[in-house]
Structure formats: structure tokens, C-alpha cells
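Under the numbering used here, the first residue of the sequence shown is numbered 14, with each subsequent residue one higher.
These notes concern the structure reproduced below.
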Amino acid sequence: MQAKDWFGDSSVYVVDVPLACCALESQAAAGTANLVDVPAGARIVVALSGTITNAVAPAVRELLAGLPGKPVVVSFGSCACVGGPYWDSYSVAKGAADMGVEVDRFIAGCPPPPEALAAVLEEVRLG
Ligand code: SF4
14 MQAKDWFGDS SVYVVDVPLA CCALESQAAA GTANLVDVPA GARIVVALSG TITNAVAPAV
74 RELLAGLPGK PVVVSFGSCA CVGGPYWDSY SVAKGAADMG VEVDRFIAGC PPPPEALAAV
134 LEEVRLG
């Protein structure tokens, strides 16, 4: 499995799930971090970045279930938190928590600021 070694020191590995425009913000937060193989026992953060449609929701659940350990799950942006501007769409889930995902951190905004994701990752790193 591969993820971004966010700080380049093996302290936090980030699986960014780029679902819509919020992914541009998470990519901005990532800077030059490259995808690398994740070592056993590593601290993993999953960033759900963007709109979660009902069609993609099973794939998101499957991805989360396949990750080792208990990753920290971040709903990054209004769509991943509560459905965002599409909250009343028949085809959009009202956020990750609404589809049964245990979310550890919610970051609001449409789009959310990259700095907010960077701050959460720093907390995880120090935590
Ligand atoms: S919260 Fe806004 S910027 Fe982010 S995916 Fe939804 S519509 Fe796009």
C-alpha cells in the first residue's frame, strides 16, 4: 500500500481520497510529498477530500476497511462533512459520517483551507 509521507520523516502517512474539488486543496497542503510504501505499524491519516456520491460511497467504505490498524479519518471540506452545496441532492451522501464512516476530524469550508489540513496533520504528528 502507498501513501504520502507527509512530513518526510515517516511520522504520518496520508491516504488522500480525491473525490472532487477539495482534492486541489489537499494536494496544495501536501506540497512535494511523494507516494511511498507504508511500513507496518505506521500512523495513517485518511483525508476524504470532496463530494461523496452514493455511487462512490461503497468504494470509500471498502478502502477504509482495507487499511491496516485504525487510521485517523478526516472529512476535509463541507461536502465530505455534510454534503456541502449538494446536501439535498438525491445522488450525494450527506457526508462521511452519514454513510457510517467513523470520522475523527471535520474540517469545514467550501473549499477548506489547505492550512487547516496541515494543522490537523501536525496535531496527529505531535499527538
Ligand atoms: S466542499 Fe466545495 S470545494 Fe469541496 S468538494 Fe464540495 S463543492 Fe468542491
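Ideal Cβ placement from N, Cα and C applies to all residues, glycine included.
Values in this document were obtained by computation on a predicted structure and should not be read as measured data.
For T66, the CB stays at least 7 Å from every heavy atom of ligand 1.
Sixteen is the threshold: when 16 or more other Cβ atoms of the shown chains lie within 10 Å of the Cβ of S91, as they do, the residue is buried. Residue state for L139 is assigned as helix, using DSSP reduced to three classes. Counting C-beta pairs with one atom in each stretch, the segment 73–84 and the segment 129–139 have fewer than three that are closer than 8 Å, which means they do not touch. In the three-state reduction of the DSSP assignment, D111 falls in the helix class. Counted as a single uninterrupted DSSP element, the alpha helix (DSSP H) harbouring R74 occupies residues A70 to A78. Taking C-beta separations shorter than 7 Å and ignoring five residues to either side along the sequence, the partners of G63 in its chain run P31, L32, A33, C34, C35, A36, G90, C92 and A93, following chain order. For V95, the uninterrupted alpha helix (DSSP H) run begins and ends at S91 to V95, by DSSP. A Cβ-Cβ contact shorter than 8 Å links G97 with C123.
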